[in-house]
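Here the structure comes first, spelled out in C-alpha cells, and everything after it is commentary.
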Amino acid sequence: MIRFSAFTLLLAMNTYAQEQAPTPNQLDEVVISDSKFALPKEKSGKVIVKISAEELAKKQGQSVATILSTVVGLEVNGNQSSAGKNLGYYVRGGRNRQTLILIDGVPVTDASGVNLEYDLRLISAEQVESIEVMKGAASTLYGTGAAAGVINITLKKSSKKEVTGNAYINLGTQTTADNTNYRPQDFNQGFGLNGTIGKINYLATLNSVESKGISESKGVDFEDDSFSKITTLLKIGFAPTKKLSLDFFTNYDRIKNNYDGYFDNFNSADTPVNVATSEQFRFGFSPKYKYNKGEFVLNSGFTSTERKYTSFNSYTNSIDNSLYDSKSVSADAFNKYMFSNQFFMILGSQFQFNEMEAISESITKENAKFNAIDTYFTAVYNSDFGLNINAGSRYNLHNVYKNFAVYNFNPSYSFLKLPLKILASYSTAYNTPSLYQLYSPYGNLALTPEKNSTVESGFEVVLLNKKVTLNTVGFYREENNSIGFYTNPTTFASNYVNIDGTYNAKGIETMLSVSASNKLKFNANYTFTQVEEPLQRLIPKHKGNISVDYLFSEKASFNLAYQYVDKRKDAFFDGGTFLTTPVVLDTYQLVNAIGNFKIIKNRLNVFASVNNIFNENFTEAVGYSTRGRNFKIGLNVIF
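Each residue of the sequence shown is one higher than the last, beginning at 372 in our numbering.
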C-alpha cells in the first residue's frame, strides 16, 4: 500500500485524459442553466455549481454519478455500490423524479419507468465536457420534473483541427472492504475522433466498460454480479453562415448486468442468475440562428428505451421475463430578444410526447400515452448599478389532467464597491404523473401533478482578485399533492394516489474555494438538509467534501479528496416475510487520491488513483454491497 501510494504521488499531472478538444478557460465563468443562454456567472441570481472540463480532468476514472456525489446539496446514492446498482439522486430532499436531467439542452427520461426518471449509468464521463447543477424549482424554464433541481450535462465538442482523436484504457480493482481481491476486474476503454472540415464539424466516440468482482446484494452466499456497458455518440454540425448552425446527434447506449433477488439469498450461487438489459437509442436536431438583436434555438430529441429483466422465480422454480418499452419526443423552441444591453426576454414553447408498453403488466402503447404543450417566458434584467432580476412563468397544457401554471422571481444585487452579491428567489414547479402511475394495473387516471415551491436566499463573496470565493444559500422547499402508493387495509387493493398534506425540506449549502497559489488550490463544501419523515429515506442530515489540488509542474499534479456522509434512514425489505423494517445507516468517511502525469505533452497521459484509501466498511443502502479500497490506472493517447 505504501509503495503504491508513493507511486501515485509520482504519477501526477493536470490534464484531461479523455480530452477531445480544448476548452477555453474564459468559458468557465459562464453559466446557461438559469436562462438557457450564456450569462456571466456574476450576473446570475443563482449559485450554480459548474464542473468544468478542467475539474473533470481531476476526476479521471470516476463515473458521472460519483463526480456528482461531491456537489453541494446533491446526494447520489449507489455511486459507491456495484456498477449495476440503481442510482438515487436527491437534491434538497427531492427524489429522482424531481430532478430533471438535460443532455445538451434536451430533457432525457425513460417513459416506461415508474417515475419518468433518467438512468445516469447510461452516460459515460468520457463523453462529458461540463456539468451544471442548478438547485431549486425550475419548471418555468424546463417544465415537468424540475421540481428540486436541474442537472445540465454538456457533451464534448469538435476541435478546430481537421482530425483530432484519442484512445484510452483504464483498469482497476473491484472489491469490497471485507473481501479484498486486488486483481484487475474493472475495465474501461474507448476512442474518439473529432474535427472541423470547412463548414462541417464532427465528433464520434465509443466507450466500453466491463466490471465484475462484487455482488450487488450484501451477503456471504451471493455470487459476483457482472456489469457491461457500451456507449456510442455521433455529432455532426453544419454552419453555412456565421449566424446559422445546424447540429445533429445520435447515440446508442446499452447496459447489461446481473442482479440479485430479495435479500434473503433466494438468488445465491446455486440458482440461475438474474439478468437486466437496458438499451437506449437517441437522435435529435438542434438548429440555432443568431440575428441582430437575438437568437432562436430549437432543441429536439427522440428517445427509444427498452428494459428487459430475466429473473429466477424461486416460488415456481422457473424463469420470468419482463419487457418495458418506451418512446419519448421533446421539441423545445425558444427565442431570445435583446431589447437593450441590459434587458432581454426569452419566449418559448415546448412539446413532449411519451408512450410505453409492458405486456406482462397489461400496459399497451395504444392506451399508455400522453402529450403536453407548454408556453413559457423569462425576462432577465442586468442593471449597470448591480441589480439583476430573473422572472418568468410557464403554462402547461396536458391531455390527461387539468392545465397547470408555474412561475419564478429571482432578484440579486452585486455591490459595486464591495466584493459581495446577495440573492433570493421564489419559484414553483410540478411533476407530471408517469405513464406507469396512470395506466399500469395500479394506475389512477384521476392523478394530478405533484406541486413544489422553493424559497431561497444567500450571498456570495469574492476576495483577493478572485482567489477566494465563499457562498452560502439557505432554502425551504414545500411539496404537496405528492404521488404515493396506497394499499387498502381491508381489500388489500393497491394503486397510486395523490397524498393530502404538505411536506417540507429545509437546509443550508455553503462552498469555499481558495487558490493559495498557482500550484495549490483548496475546495470545500457543506450541506445541511432537514426533511420531514416521509421524505427522509437515504438523505443525510450533514454532508461535507474537502478537496486539495497540488500542481507539482506543468506535467504533474495530485488531488486528495475527503467526504463525510451522515447517518441516513432506510428500510429493509425481507423477501421471505414481505415485512419492511426501518433501519438507520451509520455515518461513513471516504478518502480518495488521484495523480496525473503528462508523459508527452498533448500526446501521452497517464493517471493512477486509489479510492477509499482506509478501506472503510460502510453501508450505502441497506442490503447492498459497497466498494472498499480500490486502485485504478489509466493510459490515454492523443493524436
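C-beta atoms are modelled at their ideal positions from N, C-alpha and C, and glycine is treated no differently.
### Message
Just to confirm, is the Cβ distance from Ser529 to Tyr573 under 8 Å?
### Response
yes
### Task
Could you check which residue in Ser415, Pro953, Leu768, Ala932 has the C-alpha nearest to that of Ser980?
Ala932
### Query
Which term fits Ser785, buried or exposed, when burial requires 16 or more other beta carbons within 10 angstroms of its beta carbon?
buried
### Query
How many angstroms separate the CA atom of Ala895 from the CA atom of Lys606?
36 Å
#### Entry: Collapsed DSSP secondary structure at Glu737 in the structure displayed
coil
### Query
Going by other Cβ atoms of all chains shown within 10 Å of its Cβ, with 16 needed for buried, is Asn767 buried or exposed?
buried
### Query
Per DSSP, what kind of secondary structure is Val902 in: helix, strand or coil?
strand
### Message
Output needed for Ser796: all residues of its chain with C-beta closer than 6 Å, excluding positions within five of it in sequence on either side, in chain order.
### Response
Asn781, Glu827
### Query
I think Asn967 touches Ser924, with their Cβ atoms under 8 Å apart; what is that distance to the nearest whole Å?
Asn967 to Ser924, Cβ: 11 Å. No contact.
### Task
With DSSP as the reference, label Ser731 as helix, strand or coil.
helix
### Query
So who's on the other strand from Ile540, going by DSSP bridges?
Gln560, Leu1006
### Query
In three-state DSSP terms, what is Lys583?
coil
### Task
Go to Glu426, then tell me how far its alpha helix (DSSP H) extends in each direction, as first and last residue.
424-428
### Message
I'd like to check one pair, Thr544 with Asp557: are the Cβ atoms closer than 8 Å?
### Response
yes
### Query
Hey, Ser406 and Ile626: beta-carbon distance below 8 Å or not?
no
### Task
Quick one: using the 10 Å Cβ neighbour count with 16 as the cut-off for buried, is Leu439 buried or exposed?
buried
### Task
Helix, strand or coil for Val367, going by three-state DSSP, please let me know.
A query on residue 367 cannot be resolved here, the shown segment of the chain reaching from 372 to 1010 and no further.
### Query
Considering only residues of the stretch 427-492, which uninterrupted alpha helix (DSSP H) runs meet the minimum length of 4 residues and lie entirely inside it, listed in chain order?
435-439
### Query
In its own chain, which residues sit with a C-beta less than 6 Å from the C-beta of Asn670, not counting the 5 before and 5 after it?
Gly476, Val477, Ser657, Asp703
### Task
With DSSP collapsed to three states, give me the class of Leu512.
helix
#### Entry: Sub-8 Å separation of Tyr778 and Thr819 beta-carbons
no
### Query
What's the call for Arg974, buried or exposed, on a 16-neighbour Cβ count within 10 Å?
exposed
### Proximal residues to Pro911 (C-beta, below 6 Å), its chain only, five neighbours per side dropped
Val936, Asp937, Arg939
### Residue closest to Gly337, alpha-carbon to alpha-carbon, out of Thr621, Asp631, Thr603
With the chain covering only 372 through 1010, there is no way to say anything about residue 337.
### Message
According to DSSP, Glu821 sits in a beta bridge with which residue or residues?
### Response
Asn802
### Task
Select from Ala864, Tyr921, Val868 the residue whose C-alpha is nearest the C-alpha of Lys892.
Tyr921
### Message
Is it buried or exposed, Ile734, if we count other Cβ atoms within 10 angstroms and call 16 or more buried?
### Response
buried
### Query
Taking three-plus beta-carbon pairs below 8 Å as touching, is the stretch 486-497 in contact with the stretch 410-422?
no
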